[in-house]
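Undergrad:
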Amino acid sequence: MQRLTYRRRLSYNSLFQSYTLSCSSLTPAQVRVLKTPGNELRYFYKGKVGKSPRCGDCHKKLQGIPACRPHQYSRMSKTKKRVSRAYGGSRCASCVKDRYVAAVET
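Residue numbers (the numbering used here): 28 to 133.
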């Protein structure tokens with residue numbers, strides 16, 4: 028296998044920085060080896076994994092909304108960032124139902 032050099036600074040994982048570059052148990056999380064069309068091996072830098080948005084009341088993951096990084100959310104359309112109902116993208120369906128029931132009872 029040909030020798031590879033890192034083209035950027037150390038990758039995003041702070042745990043990775045405290046170890047040497049030869050530690051192979053941590054490197055797969057940040058970089059991958061790919062072969063280019065010119066038949067060279069290069070490091071492909073993976074981006075950070077985004078967290079899925081959660082309900083503000085019960086903290087469950089919201090269904091129908093993708094887990095992305097903040098910059099990806101800024102480039103996404105409004106309909107992909109929320110669900111088409113009241114409190115869509117902020118509260119889960121069961122919490123919205125509880126809010127409706129509480130509002131009707133009072």
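Glycine included, C-beta positions come from ideal geometry on N, C-alpha and C.
Could you have a look at TYR127 and say whether DSSP puts it in helix, strand or coil?
TA: TYR127 falls in the helix class under three-state DSSP.
Undergrad: How would you write the range of the beta strand (DSSP E) that TYR33 sits in, first residue to last?
TA: Careful: TYR33 lies outside any beta strand (DSSP E) and carries neither H nor E.
Undergrad: Could you say which of VAL128, LYS73 and GLU67 lies nearest to ARG59 if we only look at CA atoms?
TA: Minimum Cα distance to ARG59 is reached at LYS73.
Undergrad: Where does ARG112 sit, in a helix, a strand or coil, going by DSSP?
TA: Correct three-state label for ARG112: coil.
Undergrad: Measure from the alpha carbon of LYS75 to the alpha carbon of each residue in ARG96, ILE92, GLY91 and HIS86, then state which is nearest.
TA: For LYS75, the nearest C-alpha among the options comes from ARG96.
Undergrad: In or out: ARG30 buried (at least 16 other Cβ within 10 Å) or exposed?
TA: By the 10 Å Cβ count, ARG30 comes out exposed.
Undergrad: Which word fits ARG118, buried or exposed, when buried means at least 16 other C-beta atoms lie within 10 angstroms of its C-beta?
TA: Classification of ARG118: buried, given that the 10 Å Cβ count is 16 or more.
Undergrad: In chain order, what residues of the same chain have a beta carbon less than 6 Å from the beta carbon of ARG109, not counting five sequence neighbours either side?
TA: For ARG109, where only same-chain residues beyond five positions count, the Cβ hits under 6 Å are GLY115 and GLY116.
Undergrad: DSSP three-state label for LYS87, please.
TA: LYS87 falls in the coil class under three-state DSSP.
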